[in-house]
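What follows is a short report on a single structure.
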Amino acid sequence: MKKIWWKEAVGYQIYPRSFQDSNGDGIGDLQGIVQRLDYVKDLGIDVIWICPMYQSPNDDNGYDISDYQAIMDDFGTMEDFDTLLREVHKRDMKLIIDFVPNHTSDEHQWFVESRESKDSPKRDWYIWRDGKKDKSGKTIAEPNNWESIFGGSAWEYDEKTDQYYLHVFSTKQPDVNWENSEARQAIYDQVNYWLDKGIDGFRIDAVSHIKKRKKLPDMPNPKEKKYVSSFDMHMNQKGIQPLLKEFKEKTYGQYDVMTVGEANGVSIDEADLWVGEKKGKMDMIFQFEHLGLWDAETNLQLDIVELKKVLTRWQKGLENNGWNALFIENHDKPRVVSTWGNDDEFWYESATSMAAMYFLMQGTPFIYQGQEIGMTNVQFDSIDDYDDVSAKNLYRIRREDGVAHEDIMRILWASSRDNSRTPMQWSAEGNAGFTTGSPWMKVNPNFKDINVEDQLKDENSVLSFYKRMIALKKEHDIFTYGIYDLILPEHHQIYAYTRTLEDEKVVVLTNLSTKDAICEDLDFKISLDHLLLNNLPVAAHDDTTTVVLKPYEARVYKLS
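Residue numbers are given in the working numbering: position 94 of the sequence shown equals residue 96, and the series is strictly consecutive.
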């Protein structure tokens, strides 16, 4: 297997607004990240990915970009960015940034010009359509029945020109028309600006949405809803590959950088076209199949057998051909210890067991800030304490439908993206050491019990486990290049697999449940002498083919 630096890397995602405030205004910033780089380096990180820091009106926390070549005032200046890049490189780490090609802000100059008139030279840079009209020619409805991912119609009416523009996300995020070659080139120019600056790659946001279904037809609507979820019309559409190929050839394909596409809707059957060594358009993708197995509304227990099927399908599907991006948390998802795990009785155990389960598979593992200390979901009583545009839309729409406040809040406690956006918990001091001012979002009240400072002093903390696990991966090539094979596929509690590299073999055993779990009739013997990693004390044992794992216990053995 071809050895490449980004295959051997460990990634760390930073959400700048919530990471570290350096100037007391309550908002995390670029200089705050600089202040914490030694912590990140000490953790064992090779690549830092930062969420958007561009100029933005901040309707969707920076994913609505008004200028790709300027820094948001909240976060500092371009000089601050240059300092961050220099300081990251000084510590032998790399920096990748979020790039958003699917849409801009409605305040971006391109869109301002596009909406001026139907004759604007940039009119076709975005997706404008006439609405449905009555017999007299009066506009009476949107061009189609597509629902926005954030709720409500995916179309916004513009009175000045009597047309609608498409926004798959928020109303302030008009979709760029990727069928227009001038618009595409303008996007490429922004990408190349950053590459010339010396960054080390991109996480490419919502890239599977850049192609829309031809003629933008209505969604089937048997339930006669006002708007219908429209993923099938704008996610991983036929004809997207030539666009991705041109994107790569005109930008990052000319540099030794790392690219990770956020590719919702891409199945393993198409993965070769996305990340295959010959045909791939980027190095790896974030796919969300595994995160879709848990649902906040029905609050189902994690189906461990199904989780194994999904992740194994990706492991085997990319074997010897492509590469996985491994993750269980990010800025768009609630905290895994509170959803898949148990943040009450087995907080430490489930935070560490989930970690070993995903981190030691084949692929480049990413850790989201706070995951490494077991940060949990938060339960704010008022919708006013939430910031996320999708959470506020859900609250408004459900209230209009007559759903009780308490019932909606229970959904948000489990599912809101703000669960992962509360400020980083650095210490037990005021505001968790995040800011000396008033934080932009309330800190999770449990920061006095869960914080970096305390865990650094405790060799049995979640943080200490992560550091041991990262060091283990780096010490042994088998955890990067070894072949993955699932064992005990039908076991309802245990996720276990082997990694094999030439004549070496290791086994990863994790109990992902609240009850003791028995591994028996293993095809190999394990012994305490060959224990490489564990999250709980392990009693002395000789060679055995049967193991009882305590709730959320994790062990990694070398096999002789």
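Every residue gets a Cβ at the ideal spot worked out from N, C-alpha and C, and that includes glycine.
At a Cβ-Cβ threshold of 9 Å, Val-312 and His-493 do not count as neighbours. Residue nearest to Pro-553 within the set Pro-539, Asp-545, Thr-79, Tyr-559 is Pro-539 (criterion: CA-CA distance).
With contacts defined as CB atoms closer than 9 Å, Val-380 and Asn-433 fail to qualify as a contacting pair. Residue environment: Glu-477 is assigned as exposed (fewer than 16 neighbouring CB atoms within 10 Å of its CB, all protein chains considered).
Within the DSSP bridge table, the entry for His-105 names Asp-177 as partners. One alpha carbon belongs to Met-443, the other to Ser-392, and they sit about 16 Å apart. Per DSSP, the continuous alpha helix (DSSP H) segment holding Phe-481 begins and ends at 480–483. Exclusion of the five residues before and after His-292 leaves Leu-309, Val-312, Leu-313 as the residues of its chain whose Cβ lies within less than 7 Å of its Cβ. For Gly-13, the uninterrupted beta strand (DSSP E) segment begins and ends at 13–16.
In the three-state reduction of the DSSP assignment, Gln-57 falls in the strand class. Annotation: Asp-31 to Lys-280 spans about 39 Å, alpha carbon to alpha carbon. As for any beta strand (DSSP E) of minimum length 3 sitting wholly inside the region 283–367, the runs are 286–288, ordered along the chain.
Going by DSSP, Val-193 is part of the alpha helix (DSSP H) stretching over 183–199.
With respect to Ile-520, Thr-547 sits apart: the two C-beta atoms are not nearer than 9 Å. With a beta-carbon spacing of about 5 Å, Leu-362 and Val-510 fall inside the 8 Å limit used to define contacts. For Leu-396, the number of other beta carbons within 10 angstroms of its own is at least 16, and it is reported as buried. Under the three-state reduction of DSSP, Thr-546 is assigned to strand. Glu-506 counts as exposed, since fewer than 16 other C-beta atoms from the protein chains shown sit within 10 angstroms of its C-beta.
The shortest CA-to-CA distance from His-169 to any of Ala-430, Ser-155, Thr-163 is the one to Ser-155. Secondary structure of Asp-160 (DSSP, three-state): strand. Beta-bridge analysis with DSSP links Met-260 to Gly-203.
Note on the region 211–282: whole beta strand (DSSP E) runs with a minimum of 3 residues are 260–264, in chain order.
Out of Met-471, Ala-11, Gly-28, Glu-10, the CA that lies nearest to the CA of Gly-435 is found in Gly-28. Residues of the same chain with a CB within less than 8 Å of the CB of Gln-457, apart from the 5 flanking positions on each side, are Ile-375, Ser-463, Val-464, Leu-465, Ser-466 in chain order. Measuring C-alpha to C-alpha distances from Leu-97 to each of Ile-47, Leu-530, Asp-69 identifies Ile-47 as the nearest. In this structure, Leu-304 sits near Trp-296, with a CB-CB distance shorter than 9 Å. Of the candidates Val-209, Tyr-159, Ser-340, the residue whose Cα lies closest to the Cα of Thr-173 is Tyr-159. Our two residues, Pro-59 and Lys-140, have alpha carbons roughly 33 Å apart in a direct line. Spatial neighbours of Gln-256 in its own chain (CB-CB distance under 6 Å, excluding positions within 5 residues in sequence) are not present. Taking C-beta atoms under 8 Å as the contact rule, Asp-274 and Gly-241 fail to qualify, at a distance of about 17 Å. Counting the other CB atoms within 10 Å of its CB gives Ser-440 a total below 16, which places it among the exposed residues. For Arg-401, no pairing in a beta bridge is given by DSSP. Beta-carbon to beta-carbon, Leu-39 and Glu-81 are separated by about 17 Å, too far to satisfy the 8 Å threshold. Rounded to whole angstroms, the separation of the alpha carbons of Ile-50 and Asp-132 is 44 Å.
Asn-332 and Phe-288 have their C-alpha atoms roughly 10 Å apart. For Asp-487, the pairing in a beta bridge is given by DSSP as Thr-500.
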